[in-house]
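Asks: Take the sequence shown: its position 303, counting from 1, is numbered 373 in the working numbering, and each next residue is one higher.
Ideal Cβ positions, reconstructed from N, Cα and C, are used throughout, including at glycine.
First the structure, then my questions, so here it is.
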Amino acid sequence: MNMLAGKWWKQSLVGSALLLAIVLVIVAIVALAGSTTDMRILMVFLINVIAAISLQTYAGNSGNISFGHVGFMAFGAYGSALFTADPAIKAIGIPNAPAFIREAAIGFLPAMLIGTAVAVVVAAAIGRVFVRLSGAAAAVATLGFMVIIYTLLSNAEELTRGSKAFSGIPEYTTLGWCVALLALTIVVARLLRDSNTGLGLRACADDPIAGQAAGVDILNSRYVMWVASAAGAAIAGALYAHYIGAILPKAFHFELTFVLVTMVIVGGRSITGAVAGAALITILAEVLRRLENGFSIGSINLSEAPGLTTAVLALLIVATLTIRPQGLVSRWEVEELLHRWQFRQKEHASVRAEENHV
């Protein structure tokens, strides 16, 4: 038992490798046989997966949903964009910004690290307050955090151009960057999940009294997950900014929050679930956005259907919470699902053998 307990990280790495292998198969198929549109959807999917896993790192382990993680994405996006955009463009767009920002023109990696560091510092500074909250109080508080960040970004015209688009961001985000950072995100999230901190925190989410009786430090465990998830969200934000090439505060508001929360709720309380939820919602959202521009059903022609995406995602959340509240994958990881499938296959084979013998 002690031997197995001491090798928990090996199972974490194996599970991470299996999950990444599945994603790489999807990437290879789309890259080799997909169209330009398919590649665009793939890139959005990979960025969404990083964001969803980051949110799941906190929400899935603590049992508290967070509506504020898009704020950390915004820190990553703007932090990276400010230090990589052409100084000539910044001289026009944000002429009153501090000189060290206005004149900076560094590479993607150091700029992303700066944006991530800002998100981590903010998360660490406010985290002690948020980790004390649970249930509806935690959800409302993180929603308030998201609104505060949106308001600050919208009014910080000297740095963000306010509600206007911050454009001229170098498009550094490539398929290689997305895959590499996704691999890092999966491994770190899985190690955190399977660590004593993660195991204890999930136990407390299921039964707080029993968890505390077992000596689990709920607040410190939540704090670790909160800060780590903020870092992952910032990385996703940086990738998003350098893929789109232009950002504005509205991009990190209710719509993106709703999409990310839907991914986590529908997928389930595991990293594999976050990937599954991101895949499903990314594809569904793409289809629905096309339908919003108009579609026909038999003799019925609809020129436009604004709000269709939001409405369908809302219905999907309600359906999931009603029919399968644990999500598609529940709390199982990919290797656990594989073991369950193999066990059931053996059971079925055993039953068939007994029936044939009779």
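In chain order, what residues of the same chain have a beta carbon less than 6 Å from the beta carbon of SER86, not counting five sequence neighbours either side?
Replies: Your numbering for residue 86 matches position 16 in the sequence shown. Excluding residues within five positions, the ones whose Cβ falls inside 6 Å are ILE256, VAL257, ARG260.
Asks: Could you check which residue in PHE215, PHE178, LEU385, VAL345 has the C-alpha nearest to that of HIS312?
Replies: Position 242 of the sequence shown, counted from the first residue, corresponds to residue 312. The candidate whose alpha carbon is nearest that of HIS312 is PHE178.
Asks: Tell whether a beta-carbon distance below 8 Å holds between GLU241 and GLY315.
Replies: Reading the sequence shown from its first residue, position 171 is the one you call residue 241. Reading the sequence shown from its first residue, position 245 is the one you call residue 315. Cβ atoms of GLU241 and GLY315: closer than 8 Å.
Asks: Out of VAL329, ARG394, PHE328, MET295, state which residue places its alpha-carbon closest to the alpha-carbon of VAL190.
Replies: Working through the sequence shown from its first residue, we reach residue 190 at position 120. Closest option to VAL190, Cα to Cα, is MET295.
Asks: How do the segment 296 to 308 and the segment 147 to 159 stand: do at least 3 beta-carbon pairs fall below 8 Å, yes or no?
Replies: The segment 296 to 308 vs the segment 147 to 159: in contact.
Asks: What does the alpha-carbon distance come out to for the pair LEU74 and LEU90?
Replies: Residue 74 sits at position 4 when you count from the first residue of the sequence shown. Residue 90 sits at position 20 when you count from the first residue of the sequence shown. Since pLDDT at LEU74 reaches only 44, below the 50 mark, its modelled position is unreliable, and the value read off the structure follows with that caveat. For LEU74 and LEU90, the distance between alpha carbons rounds to 23 Å.
Asks: Can you name the residues that DSSP bridges to PHE137?
Replies: The residue labelled residue 137 in the question sits at position 67 within the sequence shown. Bridge partners of PHE137: none, in fact.
Asks: Are there three or more Cβ pairs, one per stretch, closer than 8 Å when the segment 334 to 351 is compared with the segment 117 to 129?
Replies: They touch, by the three-pair rule.
Asks: Could you check which residue in ASN290, TYR293, GLY270 has the C-alpha nearest to that of ALA284?
Replies: Mapped onto the sequence shown, residue 284 falls at position 214. Nearest of ASN290, TYR293, GLY270 to ALA284, Cα basis: GLY270.
Asks: Are the beta-carbon atoms of ILE335 and ILE387 separated by less than 8 Å?
Replies: Against the sequence shown, residue 335 aligns to sequence position 265. Against the sequence shown, residue 387 aligns to sequence position 317. Result yes, Cβ atoms of ILE335 and ILE387 sit closer than 8 Å.
Asks: Quick one: grab the DSSP three-state call for ILE239.
Replies: Walking along the sequence shown from the start, residue 239 turns up at place 169. ILE239 falls in the coil class under three-state DSSP.
Asks: In this structure, how does DSSP classify PHE317 when only helix, strand and coil are distinguished?
Replies: Mapped onto the sequence shown, residue 317 falls at position 247. Here the sequence assigns Ile to residue 317, which means Phe is not the residue at that position. Reduced to three states, the DSSP call for ILE317 is strand.
Asks: If you measure between the beta carbons of PRO157 and ALA175, is that distance less than 8 Å?
Replies: Working through the sequence shown from its first residue, we reach residue 157 at position 87. Working through the sequence shown from its first residue, we reach residue 175 at position 105. It is a contact, given that the beta carbons lie within the stated cut-off.
Asks: Contact check, ILE159 vs ARG231 under 8 Å by CB: the rounded distance?
Replies: Along the sequence shown, read from residue 1 onward, the residue named residue 159 stands at position 89. Along the sequence shown, read from residue 1 onward, the residue named residue 231 stands at position 161. Rounded, the Cβ-Cβ distance is 11 Å, inconsistent with contact.
Asks: Whole-angstrom Cβ separation of THR186 and GLY138, contact assumed at under 8 Å?
Replies: Numbered from its first residue, the sequence shown carries residue 186 at position 116. Numbered from its first residue, the sequence shown carries residue 138 at position 68. The Cβ separation is near 16 Å, so there is no contact.
Asks: Whole angstroms are fine: how far does the CA of ALA226 sit from the CA of TRP402?
Replies: In the sequence shown, counting from the first residue as 1, residue 402 sits at position 332. In the sequence shown, counting from the first residue as 1, residue 226 sits at position 156. Rounded to whole angstroms, TRP402 to ALA226 spans 43 Å at the Cα level.
Asks: Kindly indicate which three-state DSSP category LEU398 falls into: helix, strand or coil?
Replies: Your numbering for residue 398 matches position 328 in the sequence shown. Looking at LEU398 - three-state DSSP - the assignment turns out to be coil, as it is neither helix nor strand.
Asks: Can you tell me whether DSSP reads ALA298 as helix, strand or coil?
Replies: Sequence index remark: in the sequence shown, residue 298 carries index 228 (1-based). Note: ALA298 maps to helix in three-state DSSP.
Asks: Since LYS80 is in the alpha helix (DSSP H), which residue starts that stretch and which ends it?
Replies: Indexing the sequence shown from 1 puts residue 80 at position 10. Per DSSP, LYS80 belongs to the alpha helix (DSSP H) from 78 to 103.
Asks: Thinking PRO319 and SER233 are a contact (beta carbons under 8 Å), I'd like their distance in whole angstroms, please.
Replies: Locating residue 319 in the sequence shown gives position 249, counting from the first residue. Locating residue 233 in the sequence shown gives position 163, counting from the first residue. Sure, about 6 Å apart at Cβ, within 8 Å.
Asks: Measure the C-alpha to C-alpha separation of ARG414 and GLU405 and round it to an integer number of angstroms.
Replies: In the sequence shown, counting from the first residue as 1, residue 414 sits at position 344. In the sequence shown, counting from the first residue as 1, residue 405 sits at position 335. ARG414 and GLU405: Cα-Cα distance of roughly 14 Å.
Asks: Quick one: Cα of ILE99 to Cα of ASN290, how far?
Replies: By one-based count along the sequence shown, residue 99 stands at place 29. By one-based count along the sequence shown, residue 290 stands at place 220. In a straight line, the C-alpha of ILE99 is about 42 Å away from that of ASN290.
Asks: With a Cβ-Cβ cutoff of 8 Å, do ALA193 and VAL331 count as a contact?
Replies: Position 123 of the sequence shown, counted from the first residue, corresponds to residue 193. Position 261 of the sequence shown, counted from the first residue, corresponds to residue 331. For ALA193 and VAL331, no; Cβs fall outside 8 Å.
Asks: So, is ARG359 buried or exposed, given that buried needs 16 or more other C-beta atoms within 10 angstroms?
Replies: The residue given as residue 359 occupies position 289 in the sequence shown. ARG359 is exposed by the Cβ-count criterion.
Asks: DSSP state of PRO278, grouped into three classes?
Replies: By one-based count along the sequence shown, residue 278 stands at place 208. If DSSP states are grouped into helix, strand and coil, PRO278 belongs with the helices.
Asks: May I ask you to report which of helix, strand or coil DSSP gives ILE176?
Replies: In the sequence shown, residue 176 corresponds to position 106, counting from 1. Three-state DSSP puts ILE176 in coil, outside helix and strand.
Asks: In angstroms with no decimal places, state the Cα-to-Cα distance between LEU83 and GLY205.
Replies: Residue numbering aside, residue 83 sits at position 13 when the sequence shown is read from its first letter. Residue numbering aside, residue 205 sits at position 135 when the sequence shown is read from its first letter. Cα to Cα, the separation comes out at about 32 Å.
Asks: For ASN72, I'd like the list of residues in its chain whose CB is within less than 8 Å of its CB, leaving aside the five on either flank, ordered along the chain.
Replies: Sequence index remark: in the sequence shown, residue 72 carries index 2 (1-based). Low per-residue confidence applies at ASN72: pLDDT is 43, beneath 50, and the placement is therefore not dependable enough to give any value.
Asks: Using C-beta distances below 7 Å, list every residue in its chain close to THR482, excluding the 5 sequence neighbours before and after it, in chain order.
Replies: Summary: the structure shown does not reach residue 482, with the chain confined to residues 71 through 428, and so no result is reported for it.
Asks: Which class does ASN131 belong to by DSSP, given the choice of helix, strand or coil?
Replies: Against the sequence shown, residue 131 aligns to sequence position 61. Three-state DSSP puts ASN131 in a helix.
Asks: Excluding five sequence neighbours on each side, which residues of the same chain lie with their C-beta closer than 7 Å to the C-beta of VAL201?
Replies: In the sequence shown, counting from the first residue as 1, residue 201 sits at position 131. Hits under 7 Å: LEU289, ARG292, TYR293, TRP296.
Asks: What's the gap between the Cα of GLY197 and the Cα of GLY364?
Replies: Position 127 of the sequence shown holds residue 197. Position 294 of the sequence shown holds residue 364. Cα to Cα, the separation comes out at about 44 Å.
Asks: Would you check if the distance between the CB atom of ASN134 and the CB atom of THR352 is smaller than 8 Å?
Replies: By 1-based counting over the sequence shown, the position of residue 134 is 64. By 1-based counting over the sequence shown, the position of residue 352 is 282. Result no, Cβ atoms of ASN134 and THR352 do not sit closer than 8 Å.
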